[in-house]
Each structure stands twice: as C-alpha cells, then as structure tokens.
Amino acid sequence: MSETPEQRDARLAAVLDQLLQDSRTGNVQQKLEQTVRSHPDLAQDLRSLFATVRMADDLALLNELTQTGFSSTDQEPSSRARTTRSSLTIPGYELREEIGRGGMGVVYRAWQTSLQREVALKMILNAEFASEVNLGRFRSEALAAARLRHPGIVPVYEVGEHEGQPWFSMQYVEGSTLSQRLQQGPMAPRDAVRLMIPVVEAIGSAHREGILHRDLKPGNILIADDGTPYVTDFGLAKKVSVRDGVEHPETAAAHNLTQSGAILGTPAWMSPEQAAGQPEVVDITSDIYSLGAVLFAMLTGRPPFQAASPLDTVLLVLEQDPPGLRILNRAVDSELEMVVLKCLQKPQDLRYPSTTALADDLRAWLNNEPVSARRSTAAQILTRVFRESHHAAILQNWGLLWMLHSLVVLLLCIMTNVMQLSGVDQRWPFVGLWVVGFGLWALVFWNLRHRSGPITAVERQIAHIWAGSMIASSMLFAVESIMERPVLEFSPCLGVITGMVFLAKAGILSGRFYIEAAMLFLTSLVMAAIKSADVPDFSLTLFGVVSALTFFLPGLKYYRQQQKARSAAAR
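Residue numbers (the working numbering): 166 to 736.
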C-alpha cells in the first residue's frame with residue numbers, strides 16, 4: 166500500500182527529530198549521511214530541513230546569549246538580583262552578591278574563608294537542567310583559563326564541583342567591563358590603543374599556550390579601577406597545537422562541543438568563519454579579527470556590524486564590509502584605520518598573522534612610526550587579486566555539476582559546428598538545439614544542485630548571472646534574424662558573454678576566475694579571426710573546448726575538496 170502525503174510528512178518529522186537528537190552526540194555530517202542512506206526517498210527534504218533547523222537552533226541560542234548594544238555575557242544584574250544567594254552554598258566560600266549573569270553562567274562576589282580573600286565565583290545556571298554541551302563548555306572554560314598565567318588574564322584560583330554544581334573561583338577585579346565603558350561613547354584614539362595593547366598581549370600569551378579564545382568582545386574585557394585591562398570568559402576556548410595548529414588531544418573528548426556547522430561566538434564580534442559555522446578553520450586570525458572588532462568599537466562607540474537581530478548581524482559579518490572608521494570618528498587617522506581594517510579582513514590570510522604583529526603595529530602608531538598594515542608588495546597585491554573570497558566554500562556544491570556542464574557545452578558546440586560544416590543554413594535547427602537543449606539542461610542542473618542541500622543567496626546570484634548568459638546567447642539568433650545576417654555569424658559573441666560570467670564570478674567567488682575570463686575574451690577574438698579567414702570554420706568547436714576547460718578544471722578542484730571534506734567528516 167502506497168504511503169499518503171500525510172504519512173510521509175509524519176515519517177519525515179520523526180526521522181528529522183531523531184537525526185537532530187543523534188547529531189548532538191556525534192559527528193554531524195556522518196549522522197546526516199547515515200540517515201540519508203537509511204531513508205533515500207527523504208534525502209532531499211532531510212538535507213534541506215536539517216541545515217535549516219540546525220541554523221535555527223544556533224540562531225536561537227545566539228538570540229538568547231546576545232544582548233543589544235554592548236552588554237556582555239556576564240551582564241550587570243538588576244538591583245533585585247544583587248542579593249546574597251543564601252540558598253546556594255559552596256564549601257569554603259561565602260557568596261555575597263551576584264555581580265554578573267549571562268546565558269550560561271552566573272558570577273558572584275564571594276569570600277574565600279581559607280585564604281581570607283575576596284574572589285569572583287562563577288557557576289553554571291540551573292546545573293541540574295543544563296545540557297551536556299553547556300556543562301562541557303563550562304568545564305572547558307575553567308580548564309582553559311586555569312592553564313593560563315599572564316598579568317592580563319583573570320587567573321583561576323580553584324576549580325570544583327559541589328552536589329552536581331560545577332564552579333570555579335578567580336580573581337575579583339574591582340572595576341567595570343569595557344562594555345560598560347563604551348556605553349559612555351567612543352574613546353580617544355591614543356587611550357584606546359594604550360588599553361588595547363595589553364589585551365592583545367594577553368591573547369598572544371594564550372595563543373602561545375595553544376588556547377584560542379573565540380569569544381572576544383567588550384563584555385569579556387574587565388577594566389580595573391587603576392585602568393588595567395583583564396581578559397576573561399574562556400567559555401568557547403579551544404586548545405590547539407602551537408606547532409601545527411591542529412586540535413590538541415586533550416580536547417578530543419570534547420569535540421562534540423564544536424561540531425562543524427555550529428555558530429560559536431557573539432555575532433557582532435565573531436569572525437566570518439565563525440559566522441559561517443566553520444569551527445574547523447578557526448585559528449589565531451579569528452581572535453585577531455575579534456580584537457579588531459573590539460578596537461573598532463573603542464574608536465567609534467559601536468561594533469563593526471550591528472542589526473536588529475542576530476541573524477541579520479551574522480549576514481552582515483558574512484557579506485558586508487565594515488563602515489569607514491574615519492566616517493564615524495574624524496579623530497582617527499588613516500594609519501590607525503589601516504590597522505583596524507587589516508584585523509577585519511574577511512579572508513584570514515589577509516589579517517595579521519599573529520598578535521605580536523598586531524601589537525607591534527599598535528606600538529608603532531603610538532610612537533608615530535609607519536605601520537606595516539600600509540605596506541604591500543606587488544606579490545601581495547597579486548595574491549589578493551587572485552585569491553578566493555569567503556564565498557568560495559559554496560563551490561564544493563557545484564564541482565560535479567560544473568564537470569557535467571562542461572561536457573554538455575562541449576557536446577552542444579561540436580554538434581553545432583558539425584551541422585554548420587554540413588551546410589545547414591536554416592536557423593530553426595540551431596535554435597532548437599541551443600534553446601531547448603540548454604533550457605532542459607538548466608532545469609536538470611538546478612534540480613541536481615537543489616538535492617544536495619539548501620541554496621545560498623550567493624548561489625542564487627551566480628545562477629541569475631549564468632541564466633542571463635544563456636538568455637543572451639540564445640538571443641543572438643533573434644538578433645541575427647532581425648538584422649538578416651547568416652546564422653551563427655555572431656557566434657564570437659559567445660566568448661564575450663561567457664567571459665563576463667567568469668568576470669562576475671571572479672569578483673564574488675575567486676580571483677582566479679579572471680584567468681578563465683581572459684581566456685574566453687581572447688577566444689572570442691580568435692573566433693572572429695577564423696570567421697574572417699579563408700579556412701574551415703571550426704570556431705564553435707574552439708569555443709566549446711575552451712569553455713569546457715574553464716568549467717571542468719575548477720569543477721574538478723572543488724569536487725575533490727568536497728570528497729576530502731566528506732572523508733574527513735566520516736572519520
């Protein structure tokens with residue numbers, strides 16, 4: 166008996182719910198592929214809905230953790246909350262008042278009776294109801310911070326657990342957060358840089374110990390009454406090897422805390438790779454981006470990107486460039502603006518390679534010396550022109566399709582050339598071959614892409630450019646007819662049209678497509694020369710070969726990348 170649509174929807178909902186549960190305790194991609202193999206008839210819906218629901222979960226968490234303006238994860242509690250928590254007891258400590266609260270933890274000012282000193286004591290909210298992920302992140306914060314010894318990092322004194330309630334104590338810093346300071350407005354440039362240098366050095370110390378912070382923001386920087394800054398809140402910290410940047414063995418058991426696809430951090434301050442849900446590529450430069458975002462806020466009174474919702478902010482981080490510093494604050498000179506913008510580059514390899522390099526430039530600016538951010542060699546300029554953009558990751562979804570498309574284009578061009586050399590001079594056979602053939606292939610192409618998962622906004626833009634080129638190519642037949650010109654006389658324009666498509670791709674996806682664009686523009690000139698010469702007209706075959714290569718070679722590259730990523734996920 167066949168399954169009704171209602172029964173199928175119910176089964177899809179049940180399978181998707183189980184997949185979401187399973188993905189929280191294992192490799193996300195591997196769980197998805199296993200489920201798709203078990204339910205092949207639901208494959209397309211599972212891929213689309215799973216990605217959508219995962220993003221919705223991430224953004225719901227961000228919405229819970231993120232506050233408007235500059236509020237921190239450890240917010241100032243209300244006056245009502247600023248009371249002693251007599252119902253909570255931690256042996257050896259007297260909890261005196263709540264001084265901060267966030268989406269996951271709460272911080273108290275406490276008295277450590279054994280050493281007779283005031284401390285800050287942090288514990289997880291509602292530990293008995295907390296998920297394993299939140300408990301794991303809380304313990305990760307305690308362990309990461311406890312490893313670090315630097316005057317600019319709030320030291321952890323003791324880590325423990327009492328009646329299922331994990332906690333840790335740390336130095337109590339009398340003062341305020343940078344977030345609270347920025348509520349008064351932007352800082353003077355020299356004051357901001359002087360305050361930022363110790364913060365950069367503190368993060369550099371953590372990096373040398375193999376710790377990435379991954380959640381740097383004004384709310385996680387404390388300013389003591391004497392003006393000394395301290396970095397705190399290592400709740401999203403990750404330990405990596407200092408030597409090679411790979412994940413440290415000690416964090417293997419906690420791998421599920423940072424599954425691929427999870428959005429980690431606070432939207433206004435996170436790097437593009439964090440906003441894209443790619444924790445596997447997060448590295449030292451991700452913290453440097455966040456440091457640049459914090460310095461931007463210190464100089465302007467606002468983060469580089471802010472919007473009405475976390476989702477809108479994430480999209481701005483991914484898609485837009487930050488507003489000009491000097492537009493927002495005329496007191497900032499061009500040298501300091503270059504330093505901040507170098508931190509905020511979306512491509513990771515264009516940012517400062519280390520906190521040492523950033524700190525050196527900040528000191529150089531304070532001393533009225535030239536900064537390295539302004540210096541660019543010819544090789545660096547060329548590298549920037551031809552490098553991939555942060556959108557290039559989507560090309561993995563197109564690799565196999567581009568290879569298939571190259572074969573379709575080559576076949577159509579050869580068939581057209583054969584018809585032309587065979588003496589076919591009527592227009593309709595060519596119109597049928599190109600308009601109908603390409604139109605059907607476009608439908609198949611888009612359907613195949615849709616099956617592999619949700620389609621991004623950038624992919625829709627590329628698809629529109631590609632569709633426009635197909636329409637323009639087909640319109641050449643109408644133009645030839647109106648002008649009463651022989652069929653295929655305007656075929657050299659195909660190289661120009663296709664070259665413009667690759668020119669657009671170069672600006673959006675990868676500068677390497679400038680090479681393909683140049684090849685196609687040159688091909689159009691050669692095609693025109695062949696038509697003008699007294700030789701057999703094989704220009705369309707030439708176009709087919711060049712066009713096929715421009716699609717096949719990048720397609721092969723990104724298909725291999727996709728297979729490599731899937732193999733890594735399966736392991």
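Positions of the beta carbon are idealized from the N, C-alpha and C atoms, including for glycine.
Taking Tyr723 as the reference, which of His327, Gln561, Ser341 and Pro320 has the closest Cα?
Within the sequence shown, residue 723 is the residue found at index 558, counting from 1. If we check each option's Cα against that of Tyr723, Gln561 comes out closest.
Can you name the start and end residues of the beta strand (DSSP E) that Met335 belongs to?
The residue you call residue 335 lines up with position 170 of the sequence shown. DSSP places Met335 inside the beta strand (DSSP E), whose first and last residues are Gln330 to Gln336.
My understanding is that Ala371 touches Ile318, with C-beta atoms under 8 angstroms, so please give their C-beta distance in whole angstroms.
Numbered from its first residue, the sequence shown carries residue 371 at position 206. Numbered from its first residue, the sequence shown carries residue 318 at position 153. Contact between Ala371 and Ile318 holds, since their C-beta atoms are separated by about 7 angstroms, short of 8 angstroms.
Let's see if you can read the secondary structure: which residues bound the beta strand (DSSP E) around Pro394?
Along the sequence shown, read from residue 1 onward, the residue named residue 394 stands at position 229. Taken as a continuous stretch (DSSP letters only), the beta strand (DSSP E) holding Pro394 covers Pro394 to Val396.
So, Phe399 versus Ser305, is the Cβ gap smaller than 9 angstroms?
Reading the sequence shown from its first residue, position 234 is the one you call residue 399. Reading the sequence shown from its first residue, position 140 is the one you call residue 305. Yes. Within cutoff.
Cβ atoms of Pro444 and Val479: under 9 angstroms apart, would you say?
Here the question's residue 479 lines up with position 314 in the sequence shown. Here the question's residue 444 lines up with position 279 in the sequence shown. 9 angstroms or more divides the Cβ of Val479 from the Cβ of Pro444.
Sort Ser704, Gly604, Leu608 and Phe610 by Cα distance to Ala637 and report the nearest one.
Numbered from 1 along the sequence shown, position 472 holds the residue referred to as residue 637. Ranking the options by Cα distance to Ala637, first place goes to Gly604.
Can the beta-carbon of Leu177 be found less than 9 angstroms from the beta-carbon of Leu197?
Your numbering for residue 177 matches position 12 in the sequence shown. Your numbering for residue 197 matches position 32 in the sequence shown. Remark: C-beta atoms of Leu177 and Leu197 do not approach each other more closely than 9 angstroms.
Beta-carbon proximity of Trp563 to Gly720, cut-off 9 angstroms:
Indexing the sequence shown from 1 puts residue 563 at position 398. Indexing the sequence shown from 1 puts residue 720 at position 555. Their beta carbons are under 9 angstroms apart, which means Trp563 touches Gly720 by this criterion.
Less than 8 angstroms between the CB atoms is what I'm expecting for Trp606 and Val652, so what's the real figure, rounded?
Mapped onto the sequence shown, residue 606 falls at position 441. Mapped onto the sequence shown, residue 652 falls at position 487. Their Cβ separation, rounded to whole angstroms, is 21 angstroms, which puts Trp606 and Val652 out of contact at 8 angstroms.
By Cβ distance below 8 angstroms, which residues in the same chain neighbour Phe716 in space, the five residues on each side in sequence not counted?
Taking the sequence shown and counting its residues from 1, one reaches residue 716 at position 551. Trp567, Met568, His570, Ser571 and Val574, listed in sequence order.
From the DSSP output, which residues share a beta bridge with Ser712?
In the sequence shown, counting from the first residue as 1, residue 712 sits at position 547. Answer by DSSP bridge pairing: none, since Ser712 is not bridged.
Rounded straight-line distance, which links the Cα of Leu586 to that of Met692:
The residue you call residue 692 lines up with position 527 of the sequence shown. The residue you call residue 586 lines up with position 421 of the sequence shown. If you take the alpha carbons of Met692 and Leu586, they lie about 15 angstroms apart.
Would you report the Cα separation of Ala275 and Thr521, rounded to the nearest angstrom?
Position 110 of the sequence shown, counted from the start, is the residue given in the question as residue 275. Position 356 of the sequence shown, counted from the start, is the residue given in the question as residue 521. Straight-line Cα distance between these residues: approximately 36 angstroms.
If you measure between the beta carbons of Leu490 and Thr465, is that distance less than 9 angstroms?
Counting from 1 along the sequence shown, the entry for residue 490 is found at position 325. Counting from 1 along the sequence shown, the entry for residue 465 is found at position 300. Taking 9 angstroms as the cut-off, the beta carbon of Leu490 is found closer than this to the beta carbon of Thr465.
As a quick exercise: from Val589, Ser519 and Ala208, pick the residue whose alpha carbon is nearest that of Leu456.
Residue numbering aside, residue 456 sits at position 291 when the sequence shown is read from its first letter. When only C-alpha atoms are compared, the closest one is Ser519.
Within this structure, are the beta carbons of Val600 and Ser639 separated by less than 9 angstroms?
Reading the sequence shown from its first residue, position 435 is the one you call residue 600. Reading the sequence shown from its first residue, position 474 is the one you call residue 639. Inclusion of Val600 and Ser639 in the CB contact set at 9 angstroms is warranted, their separation being smaller than that value.
Would you please state the rounded distance, in angstroms, between the beta carbons of Thr530 and Leu501? I believe it to be under 8 angstroms.
Locating residue 530 in the sequence shown gives position 365, counting from the first residue. Locating residue 501 in the sequence shown gives position 336, counting from the first residue. Note that residue 530 corresponds to Trp in the displayed sequence, not to Thr. About 6 angstroms; that satisfies the 8 angstroms criterion.
Taking the alpha carbon of Pro331 as the point to measure from, which residue in Leu360, Val271 and Gly597 has its own alpha carbon closest?
Here residue 331 is taken as the residue at index 166 of the sequence shown, counted from 1. The shortest CA-to-CA distance from Pro331 to any of Leu360, Val271 and Gly597 is the one to Val271.
Run through the segment 422-506 for me and flag every whole alpha helix (DSSP H) of 4 or more residues, listed as ranges in chain order.
If we require 4 residues or more, the alpha helix (DSSP H) runs fully inside the segment 422-506 come out as 437-440, 449-465, 475-484 and 490-493.
Ignore the nearest five residues each way along the sequence and tell me which others in Ala367's own chain have a CB closer than 6 angstroms to its CB.
Reading the sequence shown from its first residue, position 202 is the one you call residue 367. Within the same chain, Ala367 has close Cβ partners His315, Gly317, Ile318 and Val396.
Look up Lys670 in the DSSP assignment and give the residues it is bridged to.
The residue you call residue 670 lines up with position 505 of the sequence shown. As DSSP reads the structure, Lys670 sits in no beta bridge.
Counting along the chain, where does the beta strand (DSSP E) carrying Leu286 start and finish?
By one-based count along the sequence shown, residue 286 stands at place 121. Counting along the chain, the beta strand (DSSP E) containing Leu286 begins and ends at Arg282 to Ile289.
Tell me, please, which residues DSSP counts as bridged to Tyr258.
For the purposes of this step, residue 258 is identified with residue 93 of the sequence shown, where counting begins at 1. According to DSSP, Tyr258 shares a beta bridge with Ile255 and Gln277.
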